[in-house]
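Peer 1:
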Ligand SMILES: Cc1c2[nH]c(c1CCC(=O)O)Cc1[nH]c(c(CCC(=O)O)c1C)Cc1[nH]c(c(CCC(=O)O)c1C)Cc1[nH]c(c(C)c1CCC(=O)O)C2
């Protein structure tokens, strides 16, 4: 089996450099490729968000999607946690939102204070899909994200890699039909059961936009990519494998193919299928991503074994089925502390981080291939100093575990 094929098959051309070039800290790239690291790299979903006073201050002056669409603002917000936690975060994630794809497809979305995203005119019946743009030109509709990525790469000066992202087709379709968040997802799920063919067609169309958008982000300078399937856990195992997983797979192979066709070096891909890993971790591990992100409802050591078992002896057939340019190294894990631990004070944070680090306590252990994160986004009420303490604990305890020989 060829090692790390997606990083070595194509030579960089033009001004496109290898992702490692000029980077002062490539810990997350090494962990994402399944390598052992001297400590776990760490970043946090929503690390630029409402828990930061500097973010709230900026939001008083600028509407949410104005922040997304103004590259200088998106860059500034992305940099806020990097500056505040200098030396403690191992990656930046571009400030944006998963709902920029429905907007690019022609839908209106607003961010309501206290309520979250809202679509004034959601899709009600399959005929409403006619309203969506047939062919989405991502340069035209989402070029502002690419600009923000370019600006941010300059601002970062190679301190840490920059993560790009998008929402997964099922999660985006759910928002487009529900018109916002939902407790039961009855409108979106009705489509799956009543209009199966049209639902599959819509998912396909969204996946095509995701691929173009992610490829554009890499070309603009994103050094890793994460796909957020935040509502994966709302589906039964069968429906997850019918309506979510095939599109997660399509995105991974579509992005790798498109990058290799244009001789652009590939980047590690992270899949976050929240709530679906209890039933489908082996399938997600085999779906073509370099990293599987765990929510806090999966025990890291169990996940390690399940993923290793799923990949053992399967690599050949998996590679053959999925094409040449696949993830062919040890699949890495990301996660997965319960975000509410950050409310519980220093003793609890340190104890829970230590537990997450230690294999014998069910945690990730010291053998690398682990990117530390929370199991979901950091919540608005967290004290920024609790976040700092969390990051310090991850550095300390994961380093301790990585250097101790008798841990596992
Ligand atoms: C489901 C989802 C959305 N957006 C996103 C997801 C997937 C991740 C997840 O499951 O949480 C992804 C997202 N949203 C945001 C980012 C930026 C990068 C980061 O720091 O992680 C990312 C990666 C900024 C944001 N997106 C949003 C905010 C806060 C909104 C505000 O400033 O008013 C931020 C910083 C708004 C948003 N956007 C969305 C919701 C449900 C909300 C409201 C809830 C909330 O506020 O947390 C849709």
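Residue numbers (this note's numbering): -1 to 406.
Where a beta carbon is used, it is the ideal one built from N, C-alpha and C, also for glycine.
Between residue 396 and residue 355, which are expected to be in contact by the criterion C-beta below 8 Å, what is the C-beta distance as a whole number of angstroms?
Peer 2: Within the chain shown, residue 396 is the residue found at index 398, counting from 1. Within the chain shown, residue 355 is the residue found at index 357, counting from 1. 5 Å between Cβ atoms; contact.
Peer 1: Tell me residue 161's beta-bridge partners as DSSP assigns them.
Peer 2: Indexing the chain shown from 1 puts residue 161 at position 163. The partner list for residue 161 (beta bridge, DSSP) reads 91 and 222.
Peer 1: Tell me which residues share the same chain as residue 391 and place their Cβ nearer than 7 Å to its Cβ, disregarding the 5 neighbours each side in the sequence.
Peer 2: Numbered from 1 along the chain shown, position 393 holds the residue referred to as residue 391. Correct list, in chain order: 347, 348 and 351.
Peer 1: Do residue 115 and ligand 1 come close, with the Cβ less than 7 Å from some heavy atom?
Peer 2: As a position in the chain shown, residue 115 is number 117, starting the count at 1. It does: the Cβ of residue 115 is within 7 Å (strictly closer) of some heavy atom of ligand 1.
Peer 1: Could you have a look at residue 368 and say whether DSSP puts it in helix, strand or coil?
Peer 2: For the purposes of this step, residue 368 is taken as residue 370 along the chain shown, with counting starting at 1. Three-state result, residue 368: strand.
Peer 1: Which residues end up in the neighbourhood of ligand 1 when you take C-beta atoms closer than 7 Å to any of its heavy atoms?
Peer 2: Those residues, listed in chain order, are 43, 44, 45, 46, 47, 48, 53, 57, 62, 91, 92, 93, 94, 95, 96, 97, 109, 111, 114, 115, 163, 165, 169, 179, 226, 228, 272, 374, 375 and 378.
Peer 1: For residue 319, which residues from the same chain have a beta carbon less than 8 Å from its beta carbon, with the 5 sequence-adjacent residues on both sides left out?
Peer 2: Locating residue 319 in the chain shown gives position 321, where the first residue counts as 1. Reliability of the predicted coordinates at residue 319 is poor, the pLDDT of 42 falling under 50, and no value is obtained from them.
Peer 1: What is the DSSP secondary structure of residue 78, reduced to helix, strand or coil?
Peer 2: Indexing the chain shown from 1 puts residue 78 at position 80. It is helical.
Peer 1: Taking just the CA atoms, how far does residue 58 sit from residue 113?
Peer 2: Start at 1 with the first residue of the chain shown, and residue 113 comes out as number 115. Start at 1 with the first residue of the chain shown, and residue 58 comes out as number 60. Distance between the alpha carbons of residue 113 and residue 58: 16 Å.
Peer 1: In angstroms, rounded to a whole number, what distance separates the CA positions of residue 255 and residue 223?
Peer 2: Looking up residue 255 in the chain shown gives position 257. Looking up residue 223 in the chain shown gives position 225. The straight-line gap from Cα to Cα measures roughly 15 Å.
Peer 1: Which word fits residue 45, buried or exposed, when buried means at least 16 other C-beta atoms lie within 10 angstroms of its C-beta?
Peer 2: Here residue 45 is taken as the residue at index 47 of the chain shown, counted from 1. The residue is buried, with at least 16 neighbouring Cβ atoms inside 10 Å.
Peer 1: Apart from the five residues just before and just after residue 28, which ones in its own chain have a Cβ nearer than 6 Å to its Cβ?
Peer 2: The count along the chain shown starts at 1 and reaches residue 28 at position 30. Taken in chain order, the residues that qualify are 35.
Peer 1: Using a 10 Å radius around the Cβ and a threshold of 16 neighbouring Cβ atoms, would you call residue 388 buried or exposed?
Peer 2: For this step, residue 388 is matched to residue 390 along the chain shown. Buried, because 16 or more other Cβ atoms sit within 10 Å of the Cβ of residue 388.
Peer 1: Using the DSSP secondary-structure output, state which residues sit across from residue 108 in a beta bridge.
Peer 2: To locate residue 108, count along the chain shown from 1; it is residue 110. DSSP output for residue 108 lists 116 as bridge partner(s).
Peer 1: In the DSSP assignment, find the unbroken beta strand (DSSP E) run with residue 332 in it and report its ends.
Peer 2: Here the question's residue 332 lines up with position 334 in the chain shown. Its beta strand (DSSP E) spans residues 330 to 335.
Peer 1: Once the 5 residues before and after residue 22 are set aside, which same chain residues still bring their CB inside 7 Å of it?
Peer 2: Counting from one through the chain shown, the residue named residue 22 turns up at place 24. Taken in chain order, the residues that qualify are 156 and 157.
Peer 1: For the beta strand (DSSP E) that residue 270 lies in, which residues bound it at each end?
Peer 2: Counted from its first residue, the chain shown places residue 270 at position 272. Its beta strand (DSSP E) spans residues 267 to 271.
Peer 1: Answer with buried or exposed for residue 386, where buried requires no fewer than 16 other C-beta atoms within 10 angstroms of its C-beta.
Peer 2: To locate residue 386, count along the chain shown from 1; it is residue 388. That one is exposed.
Peer 1: What residues are listed by DSSP as bridge partners for residue 381?
Peer 2: Residue mapping note: residue 381 aligns to position 383 of the chain shown, counting from 1. Paired residues: none, contrary to the question.
Peer 1: If I measure Cβ to Cβ from residue 214 and keep anything under 6 Å in the same chain, skipping five residues before and after, which residues do I get?
Peer 2: Residue 214 sits at position 216 when you count from the first residue of the chain shown. Once the five neighbours on either side are set aside, the close Cβ partners of residue 214 are 136 and 144.
Peer 1: Specify, as a first and last residue, the run of the beta strand (DSSP E) that residue 300 falls within.
Peer 2: Taking the first residue of the chain shown as 1, we reach residue 300 at position 302. Careful: residue 300 lies outside any beta strand (DSSP E), inside the alpha helix (DSSP H) at 298 to 309.
Peer 1: Nearest to residue 199 by CA position, among 168, 183 and 87, is which residue?
Peer 2: Taking the first residue of the chain shown as 1, we reach residue 199 at position 201. For residue 199, the nearest C-alpha among the options comes from 168.
Peer 1: So, with DSSP's three-state summary, where would you put residue 318?
Peer 2: Working through the chain shown from its first residue, we reach residue 318 at position 320. Low confidence applies here, because residue 318 scores a pLDDT of 37, under 50, leaving its location unreliable; read the following figure in that light. Here residue 318 sits in helix by DSSP.
Peer 1: On the premise that residue 69 lies in contact with residue 97, defined as a C-beta separation below 8 Å, what is that separation, rounded to the nearest angstrom?
Peer 2: Walking along the chain shown from the start, residue 97 turns up at place 99. Walking along the chain shown from the start, residue 69 turns up at place 71. In fact, because the Cβ distance is near 18 Å, the residues do not count as touching under 8 Å.
Peer 1: Find the nearest neighbour of residue 125 within the set 197, 275 and 24, judged by alpha-carbon distance.
Peer 2: For this step, residue 125 is matched to residue 127 along the chain shown. Looking at the Cα atoms, 197 is the closest of the given residues.
Peer 1: Would DSSP call residue 100 helix, strand or coil?
Peer 2: To locate residue 100, count along the chain shown from 1; it is residue 102. Helix at residue 100.
Peer 1: Excluding the 5 residues flanking residue 86 on each side, which residues of the same chain have their C-beta closer than 8 Å to its C-beta?
Peer 2: Start at 1 with the first residue of the chain shown, and residue 86 comes out as number 88. Only 40, 386, 389, 390 and 393 meet the Cβ criterion.
Peer 1: Please report the distance separating the alpha-carbon of residue 151 from that of residue 245.
Peer 2: Within the chain shown, numbered from 1, the residue matching residue 151 stands at position 153. Within the chain shown, numbered from 1, the residue matching residue 245 stands at position 247. Going by the C-alpha atoms only, they are around 29 Å apart.
Peer 1: For residue 345, is the classification buried or exposed, using 16 other Cβ atoms within 10 angstroms of its Cβ as the cut-off for buried?
Peer 2: Locating residue 345 in the chain shown gives position 347, counting from the first residue. So residue 345 ends up on the exposed side.
Peer 1: Mapping the DSSP letters down to three states, classify residue 134 as helix, strand or coil.
Peer 2: Taking the first residue of the chain shown as 1, we reach residue 134 at position 136. In this structure, residue 134 counts as coil in the three-state DSSP scheme.
Peer 1: Answer with buried or exposed for residue 119, where buried requires no fewer than 16 other C-beta atoms within 10 angstroms of its C-beta.
Peer 2: For the purposes of this step, residue 119 is taken as the residue at position 121 of the chain shown. With fewer than 16 other Cβ atoms within 10 Å, it is exposed.
Peer 1: Whose C-alpha, out of 173, 133, 164 and 363, is nearest the C-alpha of residue 299?
Peer 2: Residue mapping note: residue 299 aligns to position 301 of the chain shown, counting from 1. Cα-wise, what sits closest to residue 299 is 363.
Peer 1: Can you tell me whether residue 227 is helix, strand or coil according to DSSP?
Peer 2: Mapped onto the chain shown, residue 227 falls at position 229. The answer is strand: DSSP assigns residue 227 an E or B state.
Peer 1: Taking 7 Å as the cut-off, is the beta-carbon of residue 70 closer than that to any non-hydrogen atom of ligand 3?
Peer 2: Of the ligands one can find in the structure shown, namely ligand 1, none is ligand 3.
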